[in-house]
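Participant:
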């Protein structure tokens, strides 16, 4: 199970479009089993009414599900290691957008893209109630607060137009209006990252001082998701 520690907008700092979420797995072994179960749930494929769509996404997702399942099962313990860290942070960040904010539930990027693993784009996606696509990136660094890594990667992906290149992969999961909004520059980003037991206010102040913060804060919405692992 995952405990919600914090969920608030940073309006008090002058950034009402910035959301900070902090979560903590109460039992890592249970959390990993839950992630495996979520990965294996392919009910989202059945929602497509066209047979070729179902076959296409089934073909894409099965090898990745198998790969991730085997990797996670090898480390079904009370400690997160580097090789599974980003998968754990990515899935917990993705599910936080759904469970904490009520945003659209979209499978992990690795499941809907063609490459089996290590996709050269954003890790997870969602859509806000205002029809804005959320492009998310997850970073794990052992015993560290990896928000700087996530912010740097998101900024690099924006500069390289990775968000626009990902639109073809997610067009079947989001609304037409959100796709048009994204192409017009109306976008949101999520930075999921591993965090230590640092005080929440210190963590937020560190994010605010990061050199990438102001550039990212110019977008419609930015969500920071701290995962205590």
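Numbering (this note's numbering), first residue to last: 1155 to 1383. No residue lacks a Cβ here, since even glycine has one placed at the ideal position from N, Cα and C. On a predicted model such as this, the values are computed, not experimentally measured, just so you know.
Just curious, the beta strand (DSSP E) that residue 1164 is in, first and last residue?
Facilitator: First-last of the beta strand (DSSP E) with residue 1164: 1156-1164.
Participant: Which residue's Cα is closest to the Cα of residue 1195: 1348, 1223, 1332, 1291?
Facilitator: It is 1223.
Participant: Apart from the five residues just before and just after residue 1305, which ones in its own chain have a Cβ nearer than 6 Å to its Cβ?
Facilitator: Counting only Cβ-Cβ distances below 6 Å, and skipping sequence neighbours, we find 1345, 1364, 1366.
Participant: What is the residue span of the alpha helix (DSSP H) that residue 1286 lies within?
Facilitator: No alpha helix (DSSP H) contains residue 1286, which DSSP labels as neither H nor E.
Participant: Specify whether the region 1295-1313 and the region 1248-1256 touch according to this definition: at least 3 beta carbon pairs, one from each stretch, less than 8 Å apart.
Facilitator: No contact exists between the region 1295-1313 and the region 1248-1256.
Participant: Over the uninterrupted alpha helix (DSSP H) stretch that includes residue 1318, give me the two end residues.
Facilitator: Residue 1318 -> alpha helix (DSSP H) spans 1316-1324.
Participant: Just to confirm my understanding: we take residue 1331, look at its own chain, exclude 5 residues before and 5 after, and list those with CB closer than 7 Å. What are they?
Facilitator: Around residue 1331: 1285.
Participant: Using only the alpha-carbon positions, how far apart do residue 1238 and residue 1186 sit?
Facilitator: Looking at the two C-alpha atoms, the distance is approximately 10 Å.
Participant: Can you tell me where the alpha helix (DSSP H) holding residue 1263 begins and where it ends?
Facilitator: Here the alpha helix (DSSP H) through residue 1263 covers 1263-1266.
Participant: For residue 1353, which three-state DSSP category applies?
Facilitator: It is coil, neither helix nor strand.
Participant: Using beta-carbon positions only, say whether residue 1291 and residue 1308 come within less than 8 Å of one another.
Facilitator: A contact, by the Cβ cut-off of 8 Å.
Participant: Say the cut is 7 Å; is the CB of residue 1197 nearer than that to a heavy atom of the ligand MG?
Facilitator: This structure does not include the ligand MG; it has no bound ligands of any sort.
Participant: I think residue 1342 touches residue 1375, with their Cβ atoms under 8 Å apart; what is that distance to the nearest whole Å?
Facilitator: Confirmed, about 4 Å.
Participant: What is the DSSP secondary structure of residue 1195, counted as helix, strand or coil?
Facilitator: Looking at residue 1195 - three-state DSSP - the assignment turns out to be coil, as it is neither helix nor strand.
Participant: Count the CB pairs spanning the region 1251-1265 and the region 1196-1216 that are closer than 8 Å, and state whether there are at least three.
Facilitator: In short, these stretches touch, since the Cβ pair count reaches three.
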